[in-house]
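Counted from 1, the sequence shown has number 245 at position 245 by our numbering; the numbering is strictly sequential.
For reference, the structure discussed in these notes is given below.
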Amino acid sequence: MRHILSRTLAALAATVVVSLVLPVAPASAHGQLATSTPLTGTVVREPLTQLGLYFTEKPASNAHFTVTGPDGSRVDNGWSFGEPKRLDKPVQEYFMVNGVFEPRLYHTGFPAMVTVAHWPAKGRYTASYLSVASDGEAVRGNVTFDYQGPSTPAPTGWVVPTAGPDATLLAQAEGEGSASPGATGGPADATGAPASDPAGATEERRDGGFPAWLVPALIVVVVSAIVLVAARRRPATGGSTTPSRRPAGSAGRGGTPGRKAATPARRPGNRSGGPARRGRR
């Protein structure tokens, strides 16, 4: 039983190793944030006039960006497209093509330059973004950093912005817009029309891909095999039992006589075992 248990544990360990080694089907999100200026989690000590958010493809024209200060009030003053730049570290994204995820490496970042009206106080600032990628999926997130520079006054006539994303952007981000092109195997722009890959984005494709259903299928097959082998090797609980030892003195197999049950008792006499002396008459 101990041998069967050790085999089962070894097989389970092999299953875990296989599931960890095999690549897991990734999410097919596109247009993600590649880097930013400043980077999230860093400390800014000089008042910046703009924040740069670099994506793997050009943000949608109706994308929405905000910058909030330590007290929660907004300090952003609009945004504009910037000049693409080469990324220090390529970003890998996945595209679903005929039911298979194909990875692509992007080396170029496409920026959205968000203007900061002023820096009212030291503390934590958050830059939020909402856009729609070329595959119709929402691109949203935050970049948080600490500002430890001097305070700056608000521009003359500046009004704290309160406008949120427009209705079209919200509908697209919530999946109410055009159908995602994932089923057709090619990216599309924010309106759902097919488009080519973003200009300036260098991509590297790997031959083949990995079906999303293969990992769970392999795990099911391996576990089923383990259970089957364990069931076949399990000793029977009923039926024949192990024969007990034959009692001493009984005949063995083939009529071979067993050992005598006991040693014959000594005859009365002297201690040496010889014949007893007769006494004198």
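Beta carbons: idealized from backbone N, C-alpha and C, even for Gly.
Enumerate in chain order the residues of its own chain whose CB-to-CB distance from residue i is below 6 angstroms, with the five nearest sequence positions on each side excluded.
{"i": "Ala27", "result": "Low per-residue confidence applies at Ala27: pLDDT is 46, beneath 50, and the placement is therefore not dependable enough to give any value."}
{"i": "Ala225", "result": "none"}
{"i": "Asp166", "result": "Asn62"}
{"i": "Asn142", "result": "Thr126 and Ser128"}
{"i": "Gly82", "result": "Pro111 and Met113"}
{"i": "Thr202", "result": "Residue confidence for Thr202 is low, a pLDDT of 39 falling below 50, so the modelled location carries little weight; the figure read from the coordinates is stated next. The residues are His107."}
Hey, out of the options, whose CA is closest to residue i's CA?
{"i": "Gly123", "options": "Gly136, Phe55, Gly41 and Leu33", "result": "Gly41"}
{"i": "Val75", "options": "Asp146, Val114, Leu33 and Ser134", "result": "Val114"}
{"i": "Thr144", "options": "Gly31, Gln32, His30 and Val44", "result": "Val44"}
{"i": "Val160", "options": "Leu48, Gln32 and Asp71", "result": "Asp71"}
{"i": "Asp135", "options": "Lys85, Thr68, Glu57 and Thr35", "result": "Glu57"}
{"i": "Val67", "options": "Tyr129, Gly149 and Pro153", "result": "Tyr129"}
{"i": "Pro84", "options": "Asp146, Ala34, Thr156 and Gly141", "result": "Ala34"}
{"i": "Gly31", "options": "Leu105, Ala127, Thr126 and Gln148", "result": "Leu105"}
Just to confirm my understanding: we take residue i, look at its own chain, exclude 5 residues before and 5 after, and list those with CB closer than 7 angstroms. What are they?
{"i": "Val132", "result": "Ala60, Ala138, Val139, Leu169, Gln172, Ala173 and Ala190"}
{"i": "Ser240", "result": "Caution is warranted here: a pLDDT of 48 is assigned to Ser240, below 50, making its placement in the model unreliable, and the coordinate value is therefore given only provisionally. No residues qualify anywhere along the chain."}
{"i": "Gly149", "result": "Val44, Arg45, Glu46, Pro47 and Trp119"}
{"i": "Pro90", "result": "Leu105, Tyr106 and His107"}
{"i": "Ser73", "result": "Val160"}
{"i": "Ala154", "result": "Ala117 and His118"}
{"i": "Ser147", "result": "This sequence places Tyr at residue 147; Ser is not what is there. Cβ within range, chain order: Val44, Trp119, Lys122, Gly123 and Tyr125."}
When the distance is taken between beta carbons, is residue j closer than 8 angstroms to residue i?
{"i": "Phe95", "j": "Phe55", "result": "no"}
{"i": "Ala112", "j": "Phe65", "result": "yes"}
{"i": "Ser118", "j": "Thr162", "result": "The question names Ser, but residue 118 in the sequence shown is His. Going by C-beta atoms, His118 is not nearer than 8 angstroms to Thr162."}
{"i": "Val116", "j": "Leu53", "result": "no"}
{"i": "Asn77", "j": "Trp158", "result": "yes"}
{"i": "Tyr125", "j": "Gly164", "result": "no"}
{"i": "Leu127", "j": "Leu39", "result": "First, the residue type needs correcting, since residue 127 is Ala and not Leu in the sequence shown. Not a contact, by the Cβ cut-off of 8 angstroms."}
May I ask you to list the residues that DSSP assigns as paired with residue i?
{"i": "Trp79", "result": "Val114"}
{"i": "Asp146", "result": "Val43 and Arg124"}
{"i": "Leu130", "result": "His64 and Arg140"}
{"i": "Thr156", "result": "Answer is none; Thr156 lacks a bridge partner."}
{"i": "Thr108", "result": "Arg86"}
{"i": "Leu53", "result": "Ser36 and Ala112"}
{"i": "Gln92", "result": "Leu105"}
{"i": "Val97", "result": "Val100"}
Got a sec? Which residues, its chain only, sit under 8 angstroms from residue i by beta carbon, not counting five neighbours each side?
{"i": "Arg334", "result": "The displayed coordinates of the chain run from 1 to 281. Any statement about residue 334 would go beyond what the structure contains."}
{"i": "Pro88", "result": "Position check: residue 88 holds Asp in this sequence, whereas Pro was assumed. The answer, listed in chain order, is Thr35."}
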